[in-house]
Amino acid sequence: MKKFNFKKVLDGLTSSSAPPAKPETEITETLGSEHFQVSKTVRHGFPYQPTAMAYDPVQHILAIGCKSGSIRLFGRPGVDCHVMHDNDAAVLQLIFLVNEGALVSVCSDDSLHLWNLRQKRPAILHSLKYNRERITYCHLPFQSKWLYIGTERGNVHIANIESFVLSGYVINWNKAIELSQRTHPGPVVSLSDNPTDSTKLLIGFETGMIVQWDLKTKTAECRYACEQQTLHSLAWHHEGKQFMCSHSDGSLSVWNYRSPSKPAQVFQPHGHPAQKGSKPEACRPIMKVAWPTSRTGDPFIVFSDGLPYERSGRRPCITVMQGKSVTVLEMEYPVVNFLPVSSTPWPNDFQDPYAIIVLLENDLVVIDLTTPGYPCFQNPYPMDLHESPVTCCTYYADCPPEMIPAFYTVGSRQQKKTGFSDKNWPVKGGEWGTSTCSYPEIIITGHADGSLKFWDASAVTLQLLYKLRTSKIFEKQPLNQSTEYEEDPFAIVKIAMCCESRILCVAGTSGHVIVYRYNKVETTVDVPTLEIALVYEVDDLDSPDTDQIPPPMPPPSSSVGSAGSGGMPSPSPHHSTSSEGAEKVGSPLLKVKSGPQKMVPGYQVDLCAQLVTVEGEPPSQILCLAINSLYGLMAFGNMQGLAIVDIIQKTTLLNLGTPDLYGSADPYTRTQPRSPQRKKPPAGLGDLGEAQAVEQERCRSPTTERDESNGVCLSPTGTTRKKLADIKRNRNQPRPRMSKAHSTASMEGNGGDDSDDMNNSLSMSWGSSVSRLFRTELIKAEAKFRRQRSSSTSSVGSQSPKAAPKCAGTDSHVASHKCPGRDSPKADSKDGSFSRSRSSSMSSLENVSAEGINCLSFTESYTRKTDPVTSPCLWVGTTLGSVLVIVLNLPPQGDQRLTQPVIVSPSGTILRLKGAILAMSFLDCNGMTIPPLFAKWEDPKKKEENREAKDGQSMQRRGWQQLQHLHRQKAPSSPTTETISDRQFVVICSEKQAKVISLPSQTCAYKLNITETSFVCKADVVSIANSVCLACFLANGHIMTFSLPSLRPLLDSDFLPLADMRIAQTFSFSNCGQALYLCTPSEIQRITLAADTCESLQEMLCELFLPVDTPEGPKQSFFKGLFSSPSIVDKEELFGEAASGKASRSVAKHIPGTGGIEGVKAEAGSAMAEVQKARMALVERGEKLSELEERTEALKVGSEMYASSAHQVMEKYKNKKWYQL
């Protein structure tokens, strides 16, 4: 008897209700968590808010410390390293251990850190944290291992630089001053040892007291009392017989080493000599002075500031004095610090300075002292990144390799600045990395002055290629013109570029969008302009204007085209809805120059589209921008609506307010008149309407999942709403909400597809030619509906949910769908940030006041569920989480594309997500990204040559025809969902969710709630490790990646908190797992998400320390050394534990660092290689020893045989006499 199988019975019972079958071919995902690792790679730009600077004259390395606790190290161009302290304490002072590969940093939290620079990623070896006293100044003599530390209390401590342990030797302030002095000398502001006698330490106090301390006798040898104001700095003459002081009254004083009674000289370099009976001229303080000497002439005296107060308007300056020559070098920004650069590190030798490094608040200047006039060196670092504030960034990794040479070619022709020194840049230390990146990278930065900068970011370097000024096409604004709209009218807000065709699209803050085309030759053209009025509003419901003659009515399935009747482009009249309509729409904020304009080689203007003011209010900022070079179309959107422009025919194809894009499928209740302008105060109480009383809410999507059909959300609004919709459908006319556009309605329709009749109820009737009479009727009907709804709010709120009308489910476009296992309404309702209470009749509506366009994507995809082939379309994402699809009917390429109109029509497809739409990308059936179609860039000269043979044009036409044949092949006679299989995926990411939709069925294949407590700032589909993933940057600082198409989590790294909106606005993902953001107003931080890049990063980074011999010290004559040179004293005998004991543990705490461990890790690979080499050498040595042993054995045998033979001979002749031989 056959055994009963209960499992088979259950399988048979559940077979009828089984979930949808999986795709025929399962997509294999190759990405895993092991492919991802977040790491900072390199930082570019000028150090933000610099506070300290140091220079190693032997290694030629420059270090700059910042207020945020970061340190930047610079060498030769391309050598740039960034390190950061564990906390955000400002860096007060930096000291190099000259030619030792180490750096000491002094921070505002009274801590000292020793950095190891002998590794590619410098790390801290030791730290010393003071507990009782505040550090004010530190000094490390050349080739000394003892660091002098001055404090706010006036004491001087000494620490061993190798172990970072304090010595018991302390110079207390009360022992340094005279016994008769009763006041505190103040904090220590300067420490310096005598160049010729290291046992004499010069201590400068803030009040002007200077003490020369004898380290051997532990006594104050001399005391110098400055009668001038506060002391700021000290500088020795290299002979050690004199020193110079700078004071707060703008004076300099020179003291003889052995004459402490009075200064040898006191003078004010920029002050007029005081006359009898009058006070000297008041000057600003001299913060620092340097006294380098020269073998060939008088010594230099270099100091900062010191100009008279009365000379108002003077910029900060650096003064260079040599003999009777006085040169004042004005600076654009305040001076932070300066350092003379000399060829010798020895303080007792002639310095012979050849340059001065000046650190300003916003710039780095290096002055050439060997050239008359003291010109500046041209800075090779990308420190002019913030020349104008950066407003946006775009990152293109793995771009076409010919783009960098193309940009460099036109950039090198641009006018270069003159007046720079022709000498080589003096900071020339370090060495580049041993490996480079295998793909080119380009960064484009947009700035507040309307300029764009193109940077070569390949590997870990950054080099300026080309600069474009978008403001050149506009007329200059008068100086007396008020700036009530924008402080920076030319500021760049969005950048879009097609790398293959080199077409560039730039959006500015004044509502202007400029299209550029790359050209190698100079041209002179008139700039074509388009004025667009993006406005959506409802006219006054009480007094509609019915006097105007209605324009001709479009056909029921009208579409918006680029040309009027006859197929030729024609201007589109603006249809105003009242006698005041013409006054409502104003002019653009910027005026384009009239007449021919000269266009230099590079990017040349092809079109300028401008949004105009409405009722005196400026247009809202452009939120998104997209361009497609093959279609010849450009689209942009803002909080008012969407505009599509034909950049070939220079016409506006579509110009609609966002609510009009929905047509009759609008899921929201618009609580305010749909107008982008700001509210104005009512003239009287009678002007205060209900819409003005409702406070504008934050744009957001509905909170709970509703019945979805293909992602279409239908929202019942009650019986009255249904009647109003019936009126609109019967007349087959647009809704009363009007969009004012500069485009005409095409009379040809969209071609008419019988299979799309079911979409007529959801299709949008677009166009500006609308019957005025019917519009008035609809306005009255809607006003009646609003009054009925307001009077029945209480009764509606008490109705049962069953009383609400059901959603139509007969249409294939409105069939309900849920993602298996993921589309649970309960899970979505847990999002507290989106929950709100509603009445039953409003359960599927959201009371919103504004909805903008936040994301755009041109693609070749399926626009409807029943589409058997793909077609050109534009996918539109809004700030409320809706995704709409617009069909683009393009004429064939060639002459027809120049004359025939582009037809724009709705598809009826609406998808819904939570939060604003951030990214949309398309995948093929194998899970790989479908790149957008493009037209390859051609050189105009070659294109002209090819035009004779018509090779290029025919190839492009054949390619377009093949593309149309491929995507528009004959469909089955009766297409159904069973016969059409899904061949594409669309990945949509919003602030809260991510969905993968199968196309053309429009079923939700995968869905993921990314975050519940935060929101996504940036998202993009990027390529990595020969695959693709979804990368997201969240507001809480997390970077997350998900596999595609399954949305499986791969990485969740708590990388960076969103400290300010600058990071969110400039964060940009790119291919190969690369990303960047503007970490400070003047610095760009690049990061990588790829583990393989992190592994090879060690070889790509630069070397800071190179073995270099220290220059020899000065040689002294025999007699001078015999009679004047001081005796050499071992500092270990003075400061060591045996002589001075241990310091109190309560003074400071020693904290070991991790620099040694990091160094070991960095050198592990090379150490293994050395071990392997040693092992091979040992094997070779062993083989040689074996050969030697064999030879020794053979010699031993030979010697034994020889000894035996000799013994036999001896025995033979031993007893014989000599005469018997």
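1 is the number of the first residue of the sequence shown in full-length UniProt numbering; add one for each residue after it. Every residue, glycine too, gets a C-beta built ideally from N, C-alpha and C.
GLU1211 is classed as exposed because its beta carbon has fewer than 16 other beta carbons within 10 Å across all chains shown. Its Cα nearest to that of SER1146, the residue LEU166 stands out among GLN59, TRP115, ILE442 and LEU166. When beta bridges are read from the DSSP output, LYS200 appears opposite ASP214. The residues GLY150, THR151, GLU152, PRO187, VAL188 and VAL189, in chain order, have a CB closer than 7 Å to that of THR136 in the same chain once the five nearest residues on each side in sequence are set aside. Between ILE997 and TYR1006, the alpha-carbon positions lie close to 7 Å from each other. A residue is called buried when at least 16 other Cβ atoms come within 10 angstroms of its Cβ; GLU1012 does not meet this threshold and is exposed. One alpha carbon belongs to GLY323, the other to ASP298, and they sit about 6 Å apart.
PRO285 is not a Cβ neighbour of THR319, given a cutoff of 9 Å. Counting along the chain, GLN242 sits inside the beta strand (DSSP E) bounded by residues 242 to 247. If you draw a straight line from the Cα of GLN49 to the Cα of VAL58, it is about 27 Å long. Boundaries of the beta strand (DSSP E) around CYS1029: 1027 to 1034. Looking at PRO931, GLU617, ARG182 and ASP606, the one whose alpha-carbon comes closest to that of LEU589 is GLU617. Remark: C-beta atoms of PHE490 and GLY508 approach each other more closely than 9 Å.
In chain order, ARG43, GLY45 and TYR48 place their CB closer than 6 Å to the CB of GLU1083, counting only its own chain and leaving out the 5 sequence neighbours on each side. CA-CA distance, GLN597 to SER1023, rounds to 41 Å. Separation of ASN424 and VAL341 (C-alpha to C-alpha, rounded to the nearest whole angstrom) is 14 Å. Secondary structure of CYS505 (DSSP, three-state): strand.
Beyond the five residues adjoining it in sequence on each side, ARG1191 comes within less than 6 Å, by CB distance, of no other residue in the same chain.
For LYS995, the enclosing beta strand (DSSP E) starts and ends at 993 to 999. Here GLN900 is buried, its C-beta having at least 16 other C-beta atoms within 10 Å. Spanning the alpha carbons of LYS593 and ILE492 requires a straight line of approximately 19 Å. For ILE1063, the CB contacts under 6 Å within the same chain, skipping 5 residues up- and downstream, are TYR1077 in chain order.
In terms of Cβ geometry, LEU103 and LEU147 do not form a close pair [threshold 9 Å].
By the criterion of a C-beta distance shorter than 7 Å, THR878 is surrounded in its chain by THR658, GLU851, GLY852, ILE853, ASN854 and ILE917, once the five residues flanking it on both sides are discounted. Contact check for PRO347 and HIS238: beta-carbon distance about 6 Å, within the 8 Å limit, so the pair qualifies. Rounded to whole angstroms, ILE988 and LEU1034 show a C-alpha spacing of 16 Å. For LYS476, there is no enclosing alpha helix (DSSP H), as DSSP marks it with neither H nor E. Rounded to the nearest angstrom, the gap between the Cα atoms of MET331 and GLY250 is 18 Å. The Cβ neighbour count for ARG502, taken over all protein chains shown within 10 Å, is at least 16; the residue is labelled buried.
Annotated three-state conformation of PHE1069 is strand, per DSSP.
Measuring C-alpha to C-alpha distances from VAL366 to each of LEU94, GLY1136, ILE357 and TYR374 identifies ILE357 as the nearest. Within 10 angstroms of the beta-carbon of SER1046 lie fewer than 16 other beta-carbons, which makes it exposed. Annotation for ILE647: VAL515, LEU607, GLY632 and MET634 place their beta carbon closer than 6 Å to its own, counting only its chain and skipping 5 residues before and after.
LEU125 is positioned such that its CB atom lies no closer than 9 Å to that of PHE96. Three or more pairs of CB atoms, one per stretch, sit closer than 8 Å, so the region 379 to 399 contacts the region 441 to 449. Unbroken beta strand (DSSP E) stretches of 3 residues or longer found wholly inside the region 347 to 416: 355 to 360, 364 to 368 and 390 to 397, given in chain order.
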